[in-house]
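**Q** As numbered in this note's numbering, residues 168 to 586 make up the sequence shown, in order. Idealized CB from N, CA, C, for every residue including glycine. Before anything else, here's the structure in question.
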Amino acid sequence: MAVWTESEGKRVHDPFYHNFLLAKTDKCIVVDEPVIIGAGPSGLAVAACLKEKGIPSLILERSHCIASLWQLKTYDRLHLHLPKKFCELPLMPYPPGFPTYPTKQQFIAYLEAYAIQYDIKPVFNQMVVSAENEDGRWRVRTEEGTEYLCKWLVVATGENAEAVIPDIEGLEQYKGKVVHTSAYRSGDMYRGKKVLVVGCGNSGMEVCLDLCNHGAMPSIVVREAVHILPREMFGSSTFGLSVWLLKYLPIQTVDRFLLIMSRLMLGDTSRFGLERPHLGPMELKSVSGKTPVLDVGTLEKIKSGDIKVFPAINHFTKHGAEFIDGRMEEFDAVVLATGYRSNVPFWLKDTEFFSEKDGYPRRPFPNGWKGKQCLYSVGFTKRGLLGASMDATRIAHDIAQCWQVMTKQLNHPSSKLST
Numbered sequence: 168m169a170v171w172t173e174s175e176g177k178r179v180h181d182p183f184y185h186n187f188l189l190a191k192t193d194k195c196i197v198v199d200e201p202v203i204i205g206a207g208p209s210g211l212a213v214a215a216c217l218k219e220k221g222i223p224s225l226i227l228e229r230s231h232c233i234a235s236l237w238q239l240k241t242y243d244r245l246h247l248h249l250p251k252k253f254c255e256l257p258l259m260p261y262p263p264g265f266p267t268y269p270t271k272q273q274f275i276a277y278l279e280a281y282a283i284q285y286d287i288k289p290v291f292n293q294m295v296v297s298a299e300n301e302d303g304r305w306r307v308r309t310e311e312g313t314e315y316l317c318k319w320l321v322v323a324t325g326e327n328a329e330a331v332i333p334d335i336e337g338l339e340q341y342k343g344k345v346v347h348t349s350a351y352r353s354g355d356m357y358r359g360k361k362v363l364v365v366g367c368g369n370s371g372m373e374v375c376l377d378l379c380n381h382g383a384m385p386s387i388v389v390r391e392a393v394h395i396l397p398r399e400m401f402g403s404s405t406f407g408l409s410v411w412l413l414k415y416l417p418i419q420t421v422d423r424f425l426l427i428m429s430r431l432m433l434g435d436t437s438r439f440g441l442e443r444p445h446l447g448p449m450e451l452k453s454v455s456g457k458t459p460v461l462d463v464g465t466l467e468k469i470k471s472g473d474i475k476v477f478p479a480i481n482h483f484t485k486h487g488a489e490f491i492d493g494r495m496e497e498f499d500a501v502v503l504a505t506g507y508r509s510n511v512p513f514w515l516k517d518t519e520f521f522s523e524k525d526g527y528p529r530r531p532f533p534n535g536w537k538g539k540q541c542l543y544s545v546g547f548t549k550r551g552l553l554g555a556s557m558d559a560t561r562i563a564h565d566i567a568q569c570w571q572v573m574t575k576q577l578n579h580p581s582s583k584l585s586t
């Protein structure tokens with residue numbers, strides 16, 4: 168095989184290793200293989216699917232490790248919220264003996280084994296600041312001053328690239344400790360303290376439970392209606408049961424079943440300040456991507472009064488907050504469980520495929536994995552690892568078709584150039 172060097176303008180043939188190499192110049196690194204931005208689960212999945220088809224790839228990762236969100240920005244007690252069978256990457260199941268809901272540490276070990284299995288070696292500490300298509304090739308620039316020129320570009324930075332810090336009046340004057348969940352590890356340091364958790368998704372609910380278990384006194388802000396479902400029904404995961412039911416029943420019928428069972432198992436959550444949305448949980452997920460909360464014990468703490476529920480914040484004060492119902496309360500610390508966002512609009516110079524507003528592909532799943540000019544996206548389906556795995560498989564298949572044609576052309580005697 169061979170590689171182009173931009174400064175020399177020629178292809179170097181390597182008859183011994185038969186793989187695409189990198190040729191580095193002072194200006195840029197020109198590669199023939201696909202370039203993948205991000206070494207999280209989505210990026211690893213694409214690289215593995217390509218490798219399985221005999222296609223190398225180059226992963227650029229801004230951090231110093233794979234799966235940096237999981238390794239560096241998640242709390243200690245985190246488990247997969249869905250059963251492991253819905254969270255496998257392509258081509259490799261979880262090891263025997265893993266629990267139904269693997270721990271954070273087990274999931275990281277799985278990803279590291281996955282990278283070893285498919286010989287995936289990202290280039291670390293490469294913060295991409297721009298990517299732009301120039302005459303059929305993508306020019307990728309990094310903060311470190313390196314440029315990469317490639318034909319195929321796979322955006323795998325995902326839905327959770329940057330922490331969302333809400334603009335709440337008075338937050339800057341609050342004197343207590345404020346952390347985003349990306350910096351929260353354990354409730355141990357908050358023992359005996361009053362903590363306000365802003366956000367009532369799965370992370371916010373689980374952080375509240377963690378704080379309770381470590382002797383803190385948490386309160387949670389529930390700004391809008393939320394679906395809370397039992398994590399399991401009839402000995403099976405609620406998610407898995409829902410997926411099975413959706414094969415045979417309309418989504419509204421499945422939602423009615425889930426809400427009836429939730430009422431029987433959890434009671435009327437509105438009594439505790441947890442109103443339900445008008446749309447059912449599965450329909451709401453399909454329409455907006457908003458995931459229902461799968462209860463792991465937090466609701467019982469709310470019922471017992473160990474966790475207080477507050478409505479939206481009107482404004483922060485120096486030592487606490489005032490809420491829209493007029494209540495005021497002092498808190499020692501605030502944890503912002505306000506989620507993450509895509510950072511694609513900040514560096515990708517393409518507004519046709521990705522939306523400038525939210526950084527997601529404009530076309531919804533399952534049609535948002537491929538754009539024009541050999542641009543792909545993975546990990547933006549709002550369907551977790553299952554959606555990412557499906558897109559990774561599609562991307563590898565699509566690239567493989569073009570790769571085979573290109574390989575035949577390169578191996579043709581007339582295309583081989585001597586140095």
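#1: Can you give, in chain order, each stretch of the beta strand (DSSP E) that sits fully within the region 416-485 and has at least 3 residues?
#2: Just to confirm, is the Cβ distance from MET449 to SER404 under 7 angstroms?
#3: For the beta strand (DSSP E) containing PHE274, list its first residue and its last residue.
#4: Which residues in the same chain have their Cβ closer than 7 angstroms to the Cβ of ARG304, if we skip the five residues on either side of it in sequence?
#5: How would you write the range of the beta strand (DSSP E) that TRP237 sits in, first residue to last?
#6: So, using beta-carbon positions, are ALA212 and ALA567 closer together than 7 angstroms?
#7: Would you check if the distance between the CB atom of GLY354 and the CB atom of LEU378 is smaller than 7 angstroms?
#8: What distance in whole Å lies between the Cβ atoms of LEU258 and GLU219, which are believed to be in contact at a cut-off of 8 angstroms?
#9: Could you please give me the residues that DSSP links to VAL296 through a beta bridge?
#10: Go ahead and label GLU519 buried or exposed: buried means 16 or more other beta carbons lie within 10 angstroms of its beta carbon, across all protein chains shown.
#11: On the DSSP bridge list, what partners appear for VAL393?
#12: Would you check if the region 359-373 and the region 513-528 touch, i.e. whether three or more CB-CB distances between them fall below 8 angstroms?
#13: Count the other CB atoms within 10 Å of the CB of ASP243; is the residue buried (16 or more) or exposed (fewer)?
#14: Run through DSSP, which three-state label would THR560 get?
#15: What is the DSSP secondary structure of PHE520, reduced to helix, strand or coil?
#16: Thinking GLU279 and ILE226 are a contact (beta carbons under 8 angstroms), I'd like their distance in whole angstroms, please.
#17: On the CB-based measure, 16 or more other CB atoms within 10 Å of its CB, does ALA479 come out buried or exposed?
#18: Leaving out five residues on either side along the sequence, give the residues of the same chain with a beta carbon under 6 angstroms from the beta carbon of ARG390.
#19: By DSSP, does LEU320 sit in helix, in strand, or in coil?
#20: Taking SER471 as the reference, which of THR436, ALA214, PRO289 has the closest Cα?
#21: Of the choices VAL511, LEU503, GLY456, whose alpha-carbon is the least far from that of VAL331?
#22: Classify TRP411: buried if its beta carbon has 16 or more other beta carbons within 10 angstroms, exposed otherwise.
#23: Under 6 angstroms Cβ to Cβ from ARG229, same chain only, skipping five residues before and after it: list those, please.
#24: Specify, as a first and last residue, the run of the beta strand (DSSP E) that PHE490 falls within.
#25: Do the region 247-255 and the region 265-284 make contact, defined as three or more Cβ pairs closer than 8 angstroms?
#26: Within this structure, are the beta carbons of PRO385 and VAL421 separated by less than 7 angstroms?
#27: With 16 as the cutoff for other CB atoms within 10 Å, does ASP286 come out buried or exposed?
#28: Taking DSSP as the reference, what is the three-state secondary structure of ALA500?
#29: Thinking C-alpha only, which one of ASP517, THR324, VAL345, ALA350 is nearest ALA206?
#30: For PRO333, count the other beta carbons within 10 Å of its own beta carbon; 16 or more makes it buried, fewer makes it exposed. Which is it?
#31: Identify the residues that DSSP records as bridge partners of VAL364: which are they?
#32: Does the Cβ-Cβ distance between PRO397 and MET432 come in under 7 angstroms?
#33: With DSSP as the reference, please indicate the residues paired to HIS347 in a beta bridge.
#34: For ILE204, which of helix, strand or coil comes out of DSSP?
#35: Take GLY464 as the anchor and find which of GLY506, GLY493, PHE483, ILE395 has the nearest alpha-carbon.
#36: To the nearest whole angstrom, what separates the beta carbons of PRO444 and ALA392, a pair I think is in contact under 8 angstroms?
**A** To lay it out plainly:
#1: 460-462, 475-477, 480-483
#2: no
#3: That residue, PHE274, is in no beta strand (DSSP E); its alpha helix (DSSP H) goes 271-284.
#4: LEU316, CYS317, LYS318
#5: Per DSSP, TRP237 belongs to no beta strand (DSSP E); it is in the alpha helix (DSSP H), 235-239.
#6: Contact flag unset, no.
#7: LEU378 sits close to GLY354, with the two beta carbons spaced by under 7 angstroms.
#8: 6 angstroms
#9: For VAL296, which the question treats as bridged, DSSP gives no partner whatsoever.
#10: exposed
#11: None; VAL393 has no bridge partner.
#12: no
#13: exposed
#14: The DSSP-derived three-state label of THR560 is helix.
#15: coil
#16: The pair is not a contact, with the Cβ atoms about 14 angstroms apart (cut-off 8 angstroms).
#17: exposed
#18: ALA479
#19: strand
#20: THR436
#21: For VAL331, the nearest C-alpha among the options comes from LEU503.
#22: exposed
#23: MET294
#24: Note, PHE490: beta strand (DSSP E), 487-490.
#25: Touching, yes, given that three or more Cβ pairs across the two stretches are closer than 8 angstroms.
#26: VAL421 sits away from PRO385, with the two beta carbons spaced by 7 angstroms or more.
#27: Label assigned to ASP286: exposed.
#28: strand
#29: THR324
#30: Counting other Cβ atoms within 10 Å of its Cβ, PRO333 stays below 16 and is therefore classed as exposed.
#31: Looking at the DSSP output, VAL364 shares a beta bridge with ILE387, VAL502.
#32: By the CB criterion at 7 angstroms, PRO397 and MET432 fall inside the cutoff.
#33: LEU503
#34: strand
#35: ILE395
#36: 4 angstroms
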